[in-house]
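Have a look at the structure below, then the notes.
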Amino acid sequence: MADHRTDLLQGTLEMLTLKTLALEPMHGWGIAQRIQQMSQDVFLVTQGSLYPALVRMRRRGWVTTSWKITENNRRARYYELTAAGRRQLTVERATWARASTAINWILDSQYGLAGGTA
Amino acid sequence: MSLVSDLYERLRALFFRAREDREMHEELQFHVDMETERNRRSGMNTGEARRQGHLALGGVDQISEEVRDARGTRLLEDMKADVAYTARTLIRSPGFAIVAILTLAIGIGGSTAVYSAVDAVLIQPLPYQDPGQLVRLYMAYDYHNSDYHAWVTPVHFLDYRSRMSSFESTAALLTYSETGADIGRGDAGRRIRLLPVSADYFTVLRVPPALGRPFDRAAEDGPGAVADIGIGARSVVLSQSLWRQEFNGDPGAIGRTLVMNGEPFVVAGVMPAGFVDPIAGTIDAWIPMDLRAGKDVSNANNHYLTVIARLRPGLPIERAEAELDLLGTELAKQYPNAANSRARLYPLKEDVVGTSSRVLELMLGAVALVLILVCVNVANLLLVRASERTQEFALRSALGAERARLIRQLLIESLTLAIAGGAAGLVVARLGMSAIIVLGGGSIPRLSALHLEPRLLVFSFALSTLCAVGFGLAPALRAAQTEPGESLREQSRSATGGGARMRTREWLVAAQVALAFVLLVGTGLLVASIQRLRQVDLGFEPAAALAFELHLPDARYDSTARARFYDAFADQAGTLRGVTAVGGISKLPATGPYHQWGTQALTGPYANDERKGNVAAEQRIVSGRYFQAVNIPLLDGRLFDATDDARAPDRALVSKSLAEALFPGVRAVGQRLNTGGRVSEIIGVVGDVAVNAEGDPDQYVYHWHAQWAGDRNWALVQILRTSGSLDAAQADARALLTSMDPQLVMWKPMPLSDAVGQGEAQRTFTLRVLGCFAIVALALSALGLFGVLSYGVRLRTREFGIRMALGAQPGAIRRMVMRQGLTMTAIGTVAGLLGAVALSRIMVALVFKVSTFDPRVLGGAMLFMGCVAAIAAYLPARRATRVDPRTALQ
Numbered sequence: 000m001a002d003h004r005t006d007l008l009q010g011t012l013e014m015l016t017l018k019t020l021a022l023e024p025m026h027g028w029g030i031a032q033r034i035q036q037m038s039q040d041v042f043l044v045t046q047g048s049l050y051p052a053l054v055r056m057r058r059r060g061w062v063t064t065s066w067k068i069t070e071n072n073r074r075a076r077y078y079e080l081t082a083a084g085r086r087q088l089t090v091e092r093a094t095w096a097r098a099s100t101a102i103n104w105i106l107d108s109q110y111g112l113a114g115g116t117a
Numbered sequence: 000m001s002l003v004s005d006l007y008e009r010l011r012a013l014f015f016r017a018r019e020d021r022e023m024h025e026e027l028q029f030h031v032d033m034e035t036e037r038n039r040r041s042g043m044n045t046g047e048a049r050r051q052g053h054l055a056l057g058g059v060d061q062i063s064e065e066v067r068d069a070r071g072t073r074l075l076e077d078m079k080a081d082v083a084y085t086a087r088t089l090i091r092s093p094g095f096a097i098v099a100i101l102t103l104a105i106g107i108g109g110s111t112a113v114y115s116a117v118d119a120v121l122i123q124p125l126p127y128q129d130p131g132q133l134v135r136l137y138m139a140y141d142y143h144n145s146d147y148h149a150w151v152t153p154v155h156f157l158d159y160r161s162r163m164s165s166f167e168s169t170a171a172l173l174t175y176s177e178t179g180a181d182i183g184r185g186d187a188g189r190r191i192r193l194l195p196v197s198a199d200y201f202t203v204l205r206v207p208p209a210l211g212r213p214f215d216r217a218a219e220d221g222p223g224a225v226a227d228i229g230i231g232a233r234s235v236v237l238s239q240s241l242w243r244q245e246f247n248g249d250p251g252a253i254g255r256t257l258v259m260n261g262e263p264f265v266v267a268g269v270m271p272a273g274f275v276d277p278i279a280g281t282i283d284a285w286i287p288m289d290l291r292a293g294k295d296v297s298n299a300n301n302h303y304l305t306v307i308a309r310l311r312p313g314l315p316i317e318r319a320e321a322e323l324d325l326l327g328t329e330l331a332k333q334y335p336n337a338a339n340s341r342a343r344l345y346p347l348k349e350d351v352v353g354t355s356s357r358v359l360e361l362m363l364g365a366v367a368l369v370l371i372l373v374c375v376n377v378a379n380l381l382l383v384r385a386s387e388r389t390q391e392f393a394l395r396s397a398l399g400a401e402r403a404r405l406i407r408q409l410l411i412e413s414l415t416l417a418i419a420g421g422a423a424g425l426v427v428a429r430l431g432m433s434a435i436i437v438l439g440g441g442s443i444p445r446l447s448a449l450h451l452e453p454r455l456l457v458f459s460f461a462l463s464t465l466c467a468v469g470f471g472l473a474p475a476l477r478a479a480q481t482e483p484g485e486s487l488r489e490q491s492r493s494a495t496g497g498g499a500r501m502r503t504r505e506w507l508v509a510a511q512v513a514l515a516f517v518l519l520v521g522t523g524l525l526v527a528s529i530q531r532l533r534q535v536d537l538g539f540e541p542a543a544a545l546a547f548e549l550h551l552p553d554a555r556y557d558s559t560a561r562a563r564f565y566d567a568f569a570d571q572a573g574t575l576r577g578v579t580a581v582g583g584i585s586k587l588p589a590t591g592p593y594h595q596w597g598t599q600a601l602t603g604p605y606a607n608d609e610r611k612g613n614v615a616a617e618q619r620i621v622s623g624r625y626f627q628a629v630n631i632p633l634l635d636g637r638l639f640d641a642t643d644d645a646r647a648p649d650r651a652l653v654s655k656s657l658a659e660a661l662f663p664g665v666r667a668v669g670q671r672l673n674t675g676g677r678v679s680e681i682i683g684v685v686g687d688v689a690v691n692a693e694g695d696p697d698q699y700v701y702h703w704h705a706q707w708a709g710d711r712n713w714a715l716v717q718i719l720r721t722s723g724s725l726d727a728a729q730a731d732a733r734a735l736l737t738s739m740d741p742q743l744v745m746w747k748p749m750p751l752s753d754a755v756g757q758g759e760a761q762r763t764f765t766l767r768v769l770g771c772f773a774i775v776a777l778a779l780s781a782l783g784l785f786g787v788l789s790y791g792v793r794l795r796t797r798e799f800g801i802r803m804a805l806g807a808q809p810g811a812i813r814r815m816v817m818r819q820g821l822t823m824t825a826i827g828t829v830a831g832l833l834g835a836v837a838l839s840r841i842m843v844a845l846v847f848k849v850s851t852f853d854p855r856v857l858g859g860a861m862l863f864m865g866c867v868a869a870i871a872a873y874l875p876a877r878r879a880t881r882v883d884p885r886t887a888l889q
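As structure tokens, this is what we get:
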């Protein structure tokens, strides 16, 4: 089961977290589960990088935290996107779009396959 | 906005750290629980589910660490931990910490104390405007060696003042120590220090009175002036403290009168607080000097003025000297009977600081050496410690500690040591400064003004920090370079000791030996110099005699009463128990030149020879049985006695060298000479005495106080020779004095040997300081040698074990370790010899009749160094032979 899972691409964890939180406030475990589900179990969120990332995001003012009671009646820290977080998501989406397009251009290009030099 | 939230979060994390950690734990626990729950639901048993949950999280502790990192307070938290850790490790090895801190304290404290002395005396010695323009003028004697400085005659001074265009202003001072004055009456009577000066004195120094006006030229011969004895108008400028004492700081004091020596003086001004004379030091009052033609003033051979001048701005001293040479040639023609007309200039700073600049340079050098030694020693300590802890660091870095963190840890450790050392150093500096003032106060000018300045505080801490970075970085980098695996393996491999690492420490020890050797040589040279000085024949016997000054206030004692009192005191004190002879003199021998008066032969072969028949001789006024009291032999004729009273013709005794200079080939007794404006008949010839502590002889004429009491108040120094103890003699003499006049003060009583030994005071002072440094240096280098060898022995324990198992004799092992230590010592000593060559350049001015390469001193220093090194090397060597092969090889 674990064999087809992949670590997240470098630098994408914060963007995916922002995206997840854009839907609704959530606790850390929920975020990890949601990313895993949404990626159809391809992406494995290393918990060791999730929590530090959350602290960093809070420091930057993208998320706020509050302790709430879960549906299972447990206390958990919930993360909620701020206005700055929403703006950041837009920025990251745009950056990601530009980058992935560019990467696709490179990968789809026939130029490199022509091989040797003249 | 993000900046604000960032700061807020960081601060919150820092101040509510406990709560943050608790919440984080709860959050992670929640995560684990949810993960466990999910696993359980997917069919695992509870234990496996929990294990998987933890596994997925990847270790709560590690995440906690990473989260803390993300909080951005990591650095501060780590620092706190490092400092606490440092404190714990230092407390765990107090020996290391104490040695390191003490070493630093000595280095930092010593250098701060000496630096402040150098700062006070050398760097800012003249608290006057544009001190670079100030010069002192000395006349030069033709018959003395070129180094001899003569004071200036008033005749020449007036010409310098009016004719030297290189001088902006010129002033004369009468710095003789008997120029005091008695103020007040009865029980309130006391003696103050008075400085007669010519009119331009305040202009030369550019310090006008804070209140009132300075003297002008008119004051030199104003109302009340007595040309004959050189006292100008009855006008006085007060020091700030005398003004406060006598007039309660009343600004209305200007124009009022102060009675000095029974005569009223009009207060002309008050000097600003803190003003001191560059040459005479603290003065209570200044009075004008009369320089009109008179008895003293008209004598072109009467050298008694101290002359200072201010050069025109930007004029080099050489140009002024060139003008002085030209003027000298003219003056020689103008005053054909003057023995000397040449003069030279010295920067006033150099004159005031004199050879003490050499002393302080030497001390500064010594302190620099000791400071380097200290740094080397502490670096060595830390190196040894760092390599002892290689294992610890290897373990820590294997367990995941970062390299930067380890370096930081070591840096914090050395910084902690340096700051503690700096703080302890401040205490040492305070003690050291008090010691410098006590030891050097008499021989180094203006040292009493020494105090710890805030600037020096900064200096001290800058030094300690510099040391910390200096010696902290090298071991830190070295420790960080160590590959954990290699180092852990090395534990078993280190049987022969890491070669390259030993090398650094060996060089450091050799350097320490070299520095200590240089200081040893300096100390040795001074010891030898002082020994030679003590062996100098001064021409009299300083031992077993007491000396003190006895001032008779003019207000209660006229000249007749003074003569009678001194005679009576000598007679009565002579009958005290144990006392064999008592006499007085105007200035003790071997304490420097004083009254140098032109002395002319009126009879004999040079009677009509203006040049050969004229010398500038030291004049002394004596009373009682002075010659017996100091043990100067009578060579011919007779000594003074009661028949030589004021009604008798003037009579004089001369020293042997003067008799030979003025009356060659004939008997001096019965000849006549002219000096101080009076004609005296020579009644006897006495032995030569030295004019200074170095034993340079000079020509002396002795006059009898009973005949010269009217000339001025001579304030004779009394000398009591006793066969008993000096303390008893002093107590008896004090009681006698009180019975004769209860208001009189026995001023500065001390053994005669101390009073005349003040010429060597500077050397003694230097010796003590240098000696202390040398001992510290020696101790440090011995410690360094010992430390490095001991460490080497510990590293090579296995090697020694193998050697001994293979049959090596303990003696061979001991020799091996000893050889290693003595090689370092030998290398250091050779380097130290080169250092001694450099040292000799400074030492030349301080040694006395000792070559700076004196083989006894160099040999002694080598022997001493060798012995200390041998002891320092022997202890580890002995330990090396005690290695038990079985334990060593296990």
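Line by line, the protein sequences give chains A and B.
Position 4 (the first sequence) corresponds to 3 in numbering that gives the first Met the number 0; numbering is contiguous.
Position 243 (the second sequence) corresponds to 242 in numbering that gives the first Met the number 0; numbering is contiguous.
The beta carbon of each residue, even a glycine, is placed where N, CA and C say it ideally should be.
Remember, it's a predicted structure, so these values are computed and weren't measured experimentally.
Verify the CB distance criterion: does residue i have a CB-CB separation below 7 Å to chain B?
i      : result
A/W95  : no
A/R92  : no
A/R120 : What the structure shows of chain A is the stretch from 0 to 117, and residue 120 of chain A is not part of that stretch, so it cannot be assessed.
A/W104 : no
Determine the extent of the alpha helix (DSSP H) in which residue i is found, giving its start and end residues.
i      : result
A/R145 : A question about residue 145 of chain A goes unanswered here, because the residues of chain A that appear run from 0 up to 117.
B/M803 : T796 to A804
B/Q333 : I316 to Q333
B/Y303 : Looking at the DSSP string, B/Y303 is not in any alpha helix (DSSP H), and its letter there is neither H nor E.
Kindly indicate which three-state DSSP category residue i falls into: helix, strand or coil?
i      : result
B/G248 : coil
B/G859 : helix
B/A116 : helix
B/K655 : helix
B/L380 : helix
B/L537 : coil
B/F772 : helix
B/G313 : coil
B/G831 : helix
Below 9 Å on C-beta distance, what does residue i contact in chain B?
i      : result
A/G84  : Per Cβ cutoff of 9 Å: no residues; A/G84 is ~11 Å from chain B at best.
A/A101 : Within 9 Å Cβ-Cβ: nothing; A/A101 doesn't reach chain B, min ~28 Å.
A/R73  : F29, D32 and M33
Would you give the residue range spanned by the beta strand (DSSP E) that residue i belongs to?
i      : result
B/L743 : Where B/L743 is concerned, there is no enclosing beta strand (DSSP E), given that its DSSP letter is neither H nor E.
B/P346 : A342 to P346
B/D635 : L633 to G636
B/E219 : Careful: B/E219 lies outside any beta strand (DSSP E), inside the alpha helix (DSSP H) at R216 to E219.
B/F166 : F166 to L172
At a Cβ threshold of 7 Å, is residue i touching chain A?
i     : result
B/M43 : no
B/E26 : yes
Which residues of chain A have a Cβ atom closer than 7 Å to the Cβ of residue i, listed in chain order?
i     : result
B/H30 : G27, W28 and Q46
Name the one or two DSSP bridge partners that residue i has.
i      : result
B/P287 : B/V196
B/T256 : B/V265
A/E79  : A/T63
B/D276 : B/G280
Applying a beta-carbon distance threshold of less than 9 Å, which residues of chain A neighbour residue i?
i      : result
B/E391 : Simply none; closest approach about 28 Å.
B/E76  : Within chain A, no residue comes near B/E76; the closest Cβ sits about 14 Å away, beyond 9 Å.
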